[in-house]
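All letters in the sequence shown, in the order written, are residues 746 to 904 by our numbering.
Note that CB positions come from ideal geometry on N, CA and C, so glycine has one too.
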Amino acid sequence: MHWPMGYVHVVSALAALGSGTLIVLLRKGSPLHRLIGIAFSFAMLTVNMSALMLYNMTGHFGPFHALALVSLICTVMGLAMPALKPRDWLKRHAVWMGRSYIGLLAAALAEALVRVPALHIDSAAKSFEVGIAAAIFFGLAGFVLIPAFKRAALRHGEP
Numbered sequence: 746m747h748w749p750m751g752y753v754h755v756v757s758a759l760a761a762l763g764s765g766t767l768i769v770l771l772r773k774g775s776p777l778h779r780l781i782g783i784a785f786s787f788a789m790l791t792v793n794m795s796a797l798m799l800y801n802m803t804g805h806f807g808p809f810h811a812l813a814l815v816s817l818i819c820t821v822m823g824l825a826m827p828a829l830k831p832r833d834w835l836k837r838h839a840v841w842m843g844r845s846y847i848g849l850l851a852a853a854l855a856e857a858l859v860r861v862p863a864l865h866i867d868s869a870a871k872s873f874e875v876g877i878a879a880a881i882f883f884g885l886a887g888f889v890l891i892p893a894f895k896r897a898a899l900r901h902g903e904p
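Structure follows, in structure tokens:
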């Protein structure tokens, strides 16, 4: 890991994983949900911005940078919904933030497979394959999870 951006990326990713998990588990729409949601949002913005500044693996813009842009869009769109309150804003907020969280889980799995010695993948080419496979897996899982996030938000959220 290269100081300082690599550390910023890892610390913010861990903060996003922790706060995102709490958001999924806690009651939606409560003051605590909002507070932890703000922490998640700032952590995700930091994760994505730092990811866009890391070029150690390839030396150029690559597929993981493209996925960071997608994640950044999801996070910004999720943040925009409660602020702008368009029609069906609560449902849209849950969908966009759900996508942001699922993308984070995909990235975490890919990183774990590359970085954790017990799960280690030994080549850069394999790392790219695993990263793309994790993104596809969690993307498909999103078809199940995002409707559940949406139902929870509508069930517990504000009218």
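Exposed or buried, residue i, counting other C-beta atoms within 10 Å across all chains shown (16 or more means buried)?
i	result
Arg837	buried
Leu885	exposed
Val889	exposed
Gly807	exposed
His754	buried
Ile783	exposed
Ile881	exposed
Lys895	buried
Among residues of its own chain, excluding the 5 on either side of residue i, which ones have a beta-carbon nearer than 8 Å to its beta-carbon?
i	result
Leu777	Leu771
Ala897	Lys773 and Ala839
Val815	Gly848
Ala853	Ala758 and Leu762
Using a Cβ-Cβ cut-off of 7 Å (strictly less than) and excluding sequence neighbours within five positions of residue i, which residues of its own chain qualify?
i	result
Ala788	Ser757, Ala760, Ala761 and Ser764
Cys819	Trp841, Arg844, Ser845 and Gly848
Output needed for residue i: all residues of its chain with C-beta closer than 6 Å, excluding positions within five of it in sequence on either side, in chain order.
i	result
Phe883	Ile847, Leu850 and Ala851
Trp834	Met826
Pro892	none
Met742	As shown, the chain starts at 746 and ends at 904. That puts residue 742 outside it, with no answer to give.
Met779	The sequence shown places Arg at residue 779, not Met. If we look at Arg779 and ignore the five residues flanking it on each side, it has no Cβ neighbours.
Please look up how many angstroms separate the CB atoms of residue i and residue j, rounded, as I've assumed it's under 8 Å.
i	j	result
Ala828	Ala813	So it is not a contact: roughly 22 Å between Cβ atoms.
Leu824	Ser775	Leu824 to Ser775, Cβ: 18 Å. No contact.
Leu799	Gly751	7 Å
Arg832	Gly887	Actually they do not touch by this definition, with Cβ atoms about 23 Å apart.
Task: Ranges of the alpha helix (DSSP H) found wholly within the segment 746-792, counting only runs of at least 4 - done: Taking 4 residues as the minimum length, the alpha helix (DSSP H) runs contained wholly in the segment 746-792 are 750-770, in order along the chain.
TODO: For the segment 786-860, list the alpha helix (DSSP H) runs that are entirely contained and at least 4 residues long, ordered along the chain.
DONE: Counting whole runs of 4 or more residues, the segment 786-860 contains the alpha helix (DSSP H) stretches 808-829 and 834-860.
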